[in-house]
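Chemist: Residue numbers (full-length UniProt numbering): 1 to 143.
Glycine residues also receive a C-beta, built at the ideal position from the N, C-alpha and C atoms.
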């Protein structure tokens, strides 16, 4: 041991290289992260509610906005293609800034407010020249 110039021995600190928890006990396969449990339950409930609401958006768009089924199909297809691009992008941003909970909260608020803003769209009334009728087979007859 080395001795300082004043004759006292310096303090020696032992810093372990790894956490003692990881070396002594291994987490089981069925480990539940209790810190993220609230967000996981919220995610499951939110996706379940969204899955129940999306079929009614088509009915809402037809009755209130006057969109045809093909128009709504193109809107929903575009929405899914945008999700393919932006979901990994938002995941990258959440990982980069290490703010997963903040990103989940922000995106949930944006998504929920988007659904509520649909109610602010006024009902679309068809004019007399643009009126059309449907026969029993669902084929549109323009007259």
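Check whether the Cβ atoms of residue 104 and residue 39 sit closer than 7 Å, and answer yes or no.
Modeler: Yes, Cβ-Cβ distance for residue 104 and residue 39 is below 7 Å.
Chemist: If we ignore side chains and look at the alpha-carbon of each, how far apart do residue 123 and residue 111 end up?
Modeler: Computed Cα separation, rounded: 22 Å.
Chemist: Whose C-beta lies closer than 8 Å to the C-beta of residue 113 among residues of the same chain, with five residues either side of it excluded?
Modeler: If we look at residue 113 and ignore the five residues flanking it on each side, it has no Cβ neighbours.
Chemist: Give me the Cβ distance between residue 58 and residue 72, rounded to the nearest whole Å; I'm assuming they're in contact under 8 Å.
Modeler: About 5 Å; that satisfies the 8 Å criterion.
Chemist: What residues in its chain sit with their C-beta under 7 Å from that of residue 118, if we drop five residues either side in the sequence?
Modeler: Once the five neighbours on either side are set aside, the close Cβ partners of residue 118 are 60.
Chemist: Over the uninterrupted alpha helix (DSSP H) stretch that includes residue 29, give me the two end residues.
Modeler: From DSSP, residue 29 is part of no alpha helix (DSSP H); its letter is neither H nor E.
Chemist: Measuring straight from C-alpha to C-alpha, what distance separates residue 63 and residue 102?
Modeler: Their backbone Cα atoms lie some 36 Å apart in a straight line.
Chemist: Quick one: give me the first and last residue of the alpha helix (DSSP H) that residue 37 is part of.
Modeler: It spans 37-60 - the alpha helix (DSSP H) in which residue 37 sits, taken as one unbroken run.
Chemist: Return helix, strand or coil for residue 1, following the three-state DSSP convention.
Modeler: With a pLDDT of only 49 at residue 1, under the threshold of 50, the placement of this residue in the model should not be trusted, and no figure is reported.
Chemist: Straight-line CA distance for residue 48 to residue 41?
Modeler: For residue 48 and residue 41, the distance between alpha carbons rounds to 11 Å.
Chemist: For the alpha helix (DSSP H) that contains residue 107, what are its first and last residues?
Modeler: Residues 100-117.
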